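Residue numbers (the numbering used here): 104 to 218.
Glycine included, C-beta positions come from ideal geometry on N, C-alpha and C.
Predicted model, so just to flag it, every value in this text is computed and none were measured.
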Amino acid sequence: MSGVTSRRPWQIAFAVGVLVQWWALYWPRPPSVQTGLPLDKVVHFALFAVVTYAGVHAGLARWLVALLMLGQALLSEAIQHFWLAQRGGDVWDLLADALGIAAGLWLTRDRNAYD
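Dropping the structure here:
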């Protein structure tokens, strides 16, 4: 299988992941679940880790994926704070996003060795 063909599923996963991420970050009112766990932070971490991981496997440069994801994290918190009345920007969400980005990059740390 050629490199471009083998990346196609990752490219689709990245695109779908970004759409799911946008929905989760910009939906006016997130579902409320009382579990005792900081579920919101877990979701932020997981969304950014998975999308970052998929972006690198889709063939995008690691630095570009990191930059795009960090931009999305900063922008989403600003939009939630200033323009979504039922949401609020949260520095802890931003930290969870950044840790998710770092985890996604860490999981792909040897990716360039295989390409």
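DSSP on residue 112, reduced to helix/strand/coil? When secondary structure is reduced to three states using DSSP, residue 112 falls in the helix class.
Exposed unless 16 or more other CB atoms sit within 10 angstroms - verdict on residue 109: By the Cβ-count criterion, residue 109 is exposed, with fewer than 16 other Cβ atoms from all chains shown falling within 10 Å of its own Cβ.
Rounded straight-line distance, which links the Cα of residue 164 to that of residue 141: If you take the alpha carbons of residue 141 and residue 164, they lie about 32 Å apart.
Apply the 10 Å Cβ neighbour rule to residue 212 and answer buried if 16 or more other Cβ atoms are within range, or exposed otherwise. In summary, residue 212 is exposed, with fewer than 16 beta-carbon neighbours lying within 10 Å of its beta-carbon over all protein chains present.
Can you check whether the CB of residue 113 is closer than 8 Å to the CB of residue 85? Outside the shown range of the chain (104 to 218) lies residue 85, about which nothing can therefore be said.
Mapping DSSP to helix, strand and coil, what is residue 192? In this structure, residue 192 counts as coil in the three-state DSSP scheme.
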